[in-house]
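Going by full-length UniProt numbering, the sequence shown opens with residue 1, and the numbers climb by one from there.
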Amino acid sequence: MMIRNIRIFIVLSILAVFGASCNDFLDQPILGKQVLENYFANEDECLKALSGCYASLSPEDWWENDLFYLVGDICSDDAFKGNSLEGDQRDFGELARFNITPQNEWIQYKWQYAYEQVYRCNLVIKNVPDAPVSDTFKAQVLAEAKFLRAFAYFELVKNFGDVPLLLEPLTVNDPKQERVAAALIWGQIEKDLKEAADVLPERSEQTASAIGRATKGAALAYLAKAYVYQEKWSDAEPLAKQIIDTGEYNLNDPFTNVWSIHNPNGNGSIFEIQTVFDNVLDAGTVLPVFTRSRADGGWGFATPSSHLDNFMAGDPRRNATIIKHGDYVDEDYPSYDTQLSENETGRINRKYWIAWNDRPAQSEHTRTPLNHILFRYADLLLLHAEAAWHNDHEGEAIASVNKVRQRVGLSGISSTGEQLLLDIYHERRMELALEGHRYYDLKRQKGLKYPNSPRLREVMEEFVDYNLGANSDYDAGNAKGQLFDEDVHVLFPIPQAEIDLSEGTLKQNSGY
């Protein structure tokens with residue numbers, strides 16, 4: 001497993017560097033120092049360095065990156081901070097409320113670990129070309145590193161906008177970095193993904209041991225999504241259709257099995273973080289523990305809103321998405337306890353929930369072997385539908401939406417015009433709920449009520465009105481969203497610590 005390998009590698013590297021006796025440590029010569037000049041000497045070392053790039057997707061401990069994948073839910077109308085203990089992860093709650101400052105620790109972590117991934121990828125991209133390995137092997141490793149660098153920059157630009165563009169491993173002697181225009185970041189993302197796609201194999205061409213690593217389909221899918229984020233509709237639609245036509249992915253897995261711990265890398269999986277249970281290594285995911293009820297041994301964060309629950313009422317996907325207080329889950333949980341006294345909404349995320357018999361007996365929060373799906377085929381189909389609508393290809397848009405609906409036994413839609421676009425938006429919310437997409441979708445989409453504003457504005461206004469008015473559920477009266485400002489909160493602030501380290505070279509986003 002890629003993540004497991006890098007953690008073993010890190011431990012061995014530490015032992016090598018500190019291999020001298022503890023006695024008179026400072027007086028001993030360094031016997032096993034590992035330096036870049038003598039690394040990348042064979043295929044194994046190249047693969048270990050590449051494993052480090054993959055490991056940055058979900059580093060060893062829960063707070064390094066895993067938590068931030070939930071921000072796309074809590075900064076929208078789909079979820080709240082969840083855990084109602086005010087002092088427990090306060091900054092996470094401030095993100096959910098849009099009471100966001102440059103000192104927020106989760107903003108700092110996102111920036112820090114995204115650039116860690118960029119740095120690791122740059123090391124591979126710089127050093128592997130000179131490694132004494134075959135050209136075929138080099139091309140494969142470089143393609144994967146470029147894909148992962150593009151992923152890191154995708155995360156940075158969609159959260160912060162203009163950011164420094166680093167294409168070489170940064171050293172302490174390099175000048176302080178300035179932010180560059182988001183358009184340049186997108187351009188590099190496109191370049192990396194195109195170059196990766198030219199080399200990477202299709203999913204069906206991978207060997208069993210390579211499953212989970214980047215593929216041609218993953219690179220092209222992220223490229224299509226990058227086009228959508230930039231409103232390059234004429235590029236996005238045919239590229240998404242190209243991926244669809246390969247037949248590499250399908251919706252044959254029942255919706256209830258998409259997130260099953262027993263269905264890793266399912267038929268509709270385009271790219272997902274690989275996890276594994278290990279008695280020693282922390283190579284799993286925190287998401288099931290982080291989102292589970294505190295009465296069920298979890299931490300109770302990112303709880304679904306009643307607004308989302310009501311929206312999903314009557315849809316076959318609701319029960320595979322949300323567990324509400326008192327719901328039947330299985331024989332071990334015939335009436336689920338969300339611990340209402342410490343839960344803002346009386347609900348938890350069903351997609352990350354793991355049955356009792358599938359939970360690790362120890363260190364569950366870092367060893368649960370549930371893969372984290374970052375991009376799936378239904379997402380691609382709905383991006384294709386959205387791009388097709390903007391290109392006045394309503395028939396193609398309807399066909400892609402209906403594929404998603406038919407998987408769960410729903411009749412097809414046949415709307416037109418603005419209603420069709422709204423139906424596409426609604427289908428994205430229904431299908432991808434609580435998978436971290438909602439906030440990012442809403443801020444890139446144009447509003448229907450306010451056409452010159454991000455759609456996030458009208459959605460948060462309606463959400464506040466609902467919570468302070470019509471809502472009579474567990475989360476009634478919560479003013480979440482009241483602080484939202486469209487001139488500020490479509491981007492997060494640059495971490496103040498990074499501005500301080502740059503001695504003012506990095507400039508802050510507007511409004512912070």
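Think of the CB as a built atom: it goes at the ideal place given N, C-alpha and C, for glycine as much as any other residue.
Checklist line | residue 78 in three-state terms, based on DSSP | finding: The count along the sequence shown starts at 1 and reaches residue 78 at position 78. Coil.
Next item on the list: Run through the UniProt domain "SusD-like N-terminal" (99-227) for me and flag every whole alpha helix (DSSP H) of 4 or more residues, listed as ranges in chain order.
Entry: 105-127, 135-160 and 182-197
Note to self: Helix, strand or coil for residue 374? Go by DSSP, reduced to three states.
What the structure shows: In the sequence shown, the residue the question calls residue 374 occupies position 374. Three-state result, residue 374: strand.
Item checked: DSSP three-state assignment for residue 317, whether helix, strand or coil -> By one-based count along the sequence shown, residue 317 stands at place 317. In this structure, residue 317 counts as coil in the three-state DSSP scheme.
Next item on the list: Answer with buried or exposed for residue 493, where buried requires no fewer than 16 other C-beta atoms within 10 angstroms of its C-beta.
Entry: The residue given as residue 493 occupies position 493 in the sequence shown. Residue 493 should be labelled buried.
Margin query: In whole angstroms, give me the CA-to-CA distance for residue 462 and residue 420.
Written below: On the sequence shown, residue 462 is found 462 positions in, with the first residue counted as 1. On the sequence shown, residue 420 is found 420 positions in, with the first residue counted as 1. So the alpha carbons of these two residues sit roughly 21 Å apart.
Item checked: Beta carbon of residue 430 nearer than 8 Å to that of residue 312 -> Locating residue 430 in the sequence shown gives position 430, where the first residue counts as 1. Locating residue 312 in the sequence shown gives position 312, where the first residue counts as 1. Yes, the pair counts as a contact, with Cβ atoms nearer than the cut-off.
Notebook entry, point to check: What number of angstroms, rounded off, separates the C-alpha of residue 332 from the C-alpha of residue 355?
Noted result: As a first step, residue 332 is located in the sequence shown; it is residue number 332 there, counting from the start. As a first step, residue 355 is located in the sequence shown; it is residue number 355 there, counting from the start. Rounded to whole angstroms, residue 332 to residue 355 spans 8 Å at the Cα level.
Note to self: Against chain B, with Cβ distances strictly below 8 Å, would residue 224 count as a contact?
What the structure shows: Chain labels in this structure do not include chain B; a single protein chain is all it has.
Check: Helix, strand or coil for residue 322 per DSSP?
Finding: The sequence position of residue 322 within the sequence shown is 322, counting from 1. In this structure, residue 322 counts as strand in the three-state DSSP scheme.
Check: When you compare each of 442, 368 and 436 to residue 422 by their alpha carbons, which one comes out closest?
Finding: Start at 1 with the first residue of the sequence shown, and residue 422 comes out as number 422. Nearest C-alpha to residue 422: 442.
Item checked: Own chain, CB closer than 7 Å to residue 199, minus 5 neighbours either side, in chain order -> Indexing the sequence shown from 1 puts residue 199 at position 199. The answer, listed in chain order, is 139, 140 and 143.
Next item on the list: Name the one or two DSSP bridge partners that residue 347 has.
Entry: Here the question's residue 347 lines up with position 347 in the sequence shown. Answer by DSSP bridge pairing, in chain order: 324.
Check: Roughly how many whole angstroms lie between the Cα atoms of residue 408 and residue 402?
Finding: Locating residue 408 in the sequence shown gives position 408, where the first residue counts as 1. Locating residue 402 in the sequence shown gives position 402, where the first residue counts as 1. Cα to Cα, the separation comes out at about 10 Å.
Item checked: Proximity winner among 321, 394 and 468, relative to residue 78 (alpha-carbon distances) -> The residue given as residue 78 occupies position 78 in the sequence shown. Looking at the Cα atoms, 321 is the closest of the given residues.
Check: Would DSSP call residue 58 helix, strand or coil?
Finding: Numbered from 1 along the sequence shown, position 58 holds the residue referred to as residue 58. In the structure shown, residue 58 sits in coil (DSSP, three-state: anything other than H, G, I, E or B).
Notebook entry, point to check: Which residue's Cα is closest to the Cα of residue 440: 68, 449 and 258?
Noted result: Against the sequence shown, residue 440 aligns to sequence position 440. Of 68, 449 and 258, the residue nearest in Cα terms is 68.
Check: Span of the alpha helix (DSSP H) holding residue 290?
Finding: Within the sequence shown, numbered from 1, the residue matching residue 290 stands at position 290. Looking at the DSSP string, the run of the alpha helix (DSSP H) that includes residue 290 is 287-291.
Notebook entry, point to check: To which residues does DSSP link residue 330 through a beta bridge?
Noted result: For the purposes of this step, residue 330 is taken as residue 330 along the sequence shown, with counting starting at 1. Answer is 333, bridged to residue 330.
Note to self: On the DSSP letters alone, give me the boundaries of the alpha helix (DSSP H) that residue 461 sits inside.
What the structure shows: Here residue 461 is taken as the residue at index 461 of the sequence shown, counted from 1. Element bounds for residue 461: 455-465.
Item checked: Status (buried if at least 16 other CB within 10 Å, exposed otherwise) for residue 467 -> Along the sequence shown, one-based indexing puts residue 467 at 467. Buried.
Next item on the list: Pick helix, strand or coil for residue 243, following the three-state DSSP scheme.
Entry: Position 243 of the sequence shown, counted from the start, is the residue given in the question as residue 243. Of the three classes helix, strand and coil, the one that applies to residue 243 here is helix, per DSSP.
Check: For residue 51, is the classification buried or exposed, using 16 other Cβ atoms within 10 angstroms of its Cβ as the cut-off for buried?
Finding: In the sequence shown, the residue the question calls residue 51 occupies position 51. Buried, since its Cβ has 16 or more Cβ neighbours within 10 Å.
Item checked: Cβ contact (3+ pairs, closer than 8 Å) linking the segment 409-416 and the segment 48-66 -> no
Check: Quick one, are the C-beta atoms of residue 102 and residue 512 less than 8 Å apart?
Finding: Counted from its first residue, the sequence shown places residue 102 at position 102. Counted from its first residue, the sequence shown places residue 512 at position 512. It is a contact, given that the beta carbons lie within the stated cut-off.
Note to self: Starting from residue 311, trace the alpha helix (DSSP H) in both directions and tell me its first and last residue.
What the structure shows: Position 311 of the sequence shown, counted from the start, is the residue given in the question as residue 311. Segment 306-312, the alpha helix (DSSP H) holding residue 311.
Item checked: Cα-Cα separation, residue 279 to residue 76 -> In the sequence shown, counting from the first residue as 1, residue 279 sits at position 279. In the sequence shown, counting from the first residue as 1, residue 76 sits at position 76. Their backbone Cα atoms lie some 37 Å apart in a straight line.
Check: Going by the CB atoms, is the gap between residue 81 and residue 96 shorter than 8 Å?
Finding: Start at 1 with the first residue of the sequence shown, and residue 96 comes out as number 96. Start at 1 with the first residue of the sequence shown, and residue 81 comes out as number 81. Contact flag set, yes.
Next item on the list: Please report how far the alpha carbon of residue 481 lies from the alpha carbon of residue 362, in whole angstroms.
Entry: Residue 481 sits at position 481 when you count from the first residue of the sequence shown. Residue 362 sits at position 362 when you count from the first residue of the sequence shown. If I take the Cα positions, the gap works out to 38 Å.
Checklist line | Inter-residue Cα distance where the pair is residue 266 and residue 253 | finding: In the sequence shown, counting from the first residue as 1, residue 266 sits at position 266. In the sequence shown, counting from the first residue as 1, residue 253 sits at position 253. Approximately 7 Å between the Cα atoms of the pair.
Check: For residue 366, does the three-state DSSP call read helix, strand or coil?
Finding: Counted from its first residue, the sequence shown places residue 366 at position 366. DSSP places residue 366 in helix when its eight states are reduced to three.
Next item on the list: Mind reading off the beta-carbon distance from residue 248 to residue 217? Whole number of angstroms is fine, and I expect it under 8 Å.
Entry: In the sequence shown, residue 248 corresponds to position 248, counting from 1. In the sequence shown, residue 217 corresponds to position 217, counting from 1. Contact flag correct, Cβ pair sits at about 5 Å.
Next item on the list: Keeping to the same chain, check which residues put their C-beta closer than 7 Å to that of residue 273; ignore five residues upstream and five downstream.
Entry: Along the sequence shown, one-based indexing puts residue 273 at 273. The residues are 57, 58, 371, 372 and 374.
Note to self: Less than 8 Å between the beta carbons of residue 235 and residue 344, yes or no?
What the structure shows: As a working note, residue 235 is residue 235 in the sequence shown. As a working note, residue 344 is residue 344 in the sequence shown. No, they are not a contact pair.
Item checked: Between the CA atoms of residue 146 and residue 490 - distance to the nearest angstrom -> As a first step, residue 490 is located in the sequence shown; it is residue number 490 there, counting from the start. As a first step, residue 146 is located in the sequence shown; it is residue number 146 there, counting from the start. If you take the alpha carbons of residue 490 and residue 146, they lie about 27 Å apart.
Notebook entry, point to check: If we call anything under 8 Å between Cβ atoms a contact, is residue 221 one with residue 192?
Noted result: By one-based count along the sequence shown, residue 221 stands at place 221. By one-based count along the sequence shown, residue 192 stands at place 192. In this structure, residue 192 does not lie closer than 8 Å to residue 221 by Cβ.
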